[in-house]
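**Q** UniProt numbering puts the sequence shown at residues 1 to 188.
This is the structure, below, for whatever I ask next.
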Amino acid sequence: MKLDQKLRRKEIVEEQPPGKRMMERWPALFTESQVFAEFYRVASQSLDRLLQPINTQANDITTTRTAVLQCLPLHLGDDSSEFFIRVSDSDTNYDFTQVPVGVLSVMTEDTPPKISSIAIILEGNLVLDEIPTHAQALCLLFGLIYALHLDYPKGMKNTFEFIQKILLNLGQQKLSPKLQTLKNALLI
1 MKLDQKLRRK EIVEEQPPGK RMMERWPALF TESQVFAEFY RVASQSLDRL LQPINTQAND
61 ITTTRTAVLQ CLPLHLGDDS SEFFIRVSDS DTNYDFTQVP VGVLSVMTED TPPKISSIAI
121 ILEGNLVLDE IPTHAQALCL LFGLIYALHL DYPKGMKNTF EFIQKILLNL GQQKLSPKLQ
181 TLKNALLI
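Below is the structure:
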């Protein structure tokens, strides 16, 4: 590992600085390629493995994936109301400063509304934007959580543990009853 990567990792783990400070000190970390690289360094797993099937299939499944990702927290008993944030593209006064972690969807004024852009919010700051799909945004956010040594978003613990333990096969494999039930249902 390069010296700057070691210093960054040490700073993240020991000091647990706010995301804004990390953006100022290590701006390259907030690019897609660096999120993937840092996740691999931390977890010894490829985050691309999750995105591979997403990127190789037709876009007509994007709507279905978005619905599944937004319904997964409901199925697992998580509260995603402060995590999946939707605003109108004409709403210029939305305040993100109170959002610790979230995925932002900017919606058009069309009927029905369409997503005009997707972004990731960390500690009240937009850290990555112009993300093509919700699946990719959630994957990148998971990578950032690992890279920045952050806790899972409040209210979304089961969803992120599902991603960690079932989709990525990382960490202890002891599952809560909710996660074990979902895993069993998926394997049928």
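Idealized CB from N, CA, C, for every residue including glycine.
With distance defined between alpha-carbon atoms, name the residue in 104, 171 and 165 nearest to residue 179.
**A** 165
**Q** On the DSSP letters alone, give me the boundaries of the beta strand (DSSP E) that residue 104 sits inside.
**A** Residues 101-107.
**Q** Sorted by chain position, which residues of the same chain lie with C-beta nearer than 6 Å to residue 155's C-beta, five sequence neighbours on each side aside?
**A** 78 and 79
**Q** Kindly list the residues whose CB is nearer than 6 Å to the CB of residue 153, restricted to its own chain and excluding five residues on each side of it in sequence; keep chain order.
**A** 83 and 101
**Q** Rounded to whole angstroms, what's the CA-CA distance from residue 15 to residue 134? Just pull it up for me.
**A** Taking the straight line joining both Cα atoms gives about 30 Å.
**Q** Tell me which same chain residues have a C-beta within less than 7 Å of the C-beta of residue 13, skipping the five on either side of it?
**A** 149
**Q** Which same chain residues, not among the five before or five after residue 186, have their C-beta less than 7 Å away from its C-beta?
**A** none
**Q** Does residue 21 pass the burial test, meaning 16 or more other C-beta atoms within 10 Å, or should it be called exposed?
**A** exposed
**Q** Classify residue 137 as buried or exposed, calling it buried when 16 or more other Cβ atoms lie within 10 Å of its own Cβ.
**A** buried
**Q** Beta-carbon within less than 6 Å of residue 54's beta-carbon, same chain only, minus the 5 sequence neighbours each way: which residues are those?
**A** Here residue 54 scores only 47 on pLDDT, less than 50, and its place in the model is too uncertain to base an answer on.
**Q** Any idea if residue 86 is buried or exposed, counting beta-carbon neighbours within 10 angstroms, 16 or more meaning buried?
**A** Residue 86 is exposed by the Cβ-count criterion.
**Q** Which two residues bound the contiguous beta strand (DSSP E) that contains residue 30?
**A** Membership of residue 30 in any beta strand (DSSP E) is not indicated, and neither H nor E is assigned to it by DSSP.
**Q** If you compare alpha carbons, which of 140, 146 and 167 is closest to residue 127?
**A** 140
**Q** If I measure Cβ to Cβ from residue 129 and keep anything under 7 Å in the same chain, skipping five residues before and after, which residues do I get?
**A** 117 and 119
**Q** Since residue 87 sits in a beta bridge, which residues does DSSP pair it with?
**A** 106
**Q** Does the beta-carbon distance from residue 124 to residue 39 come in below 8 Å?
**A** no
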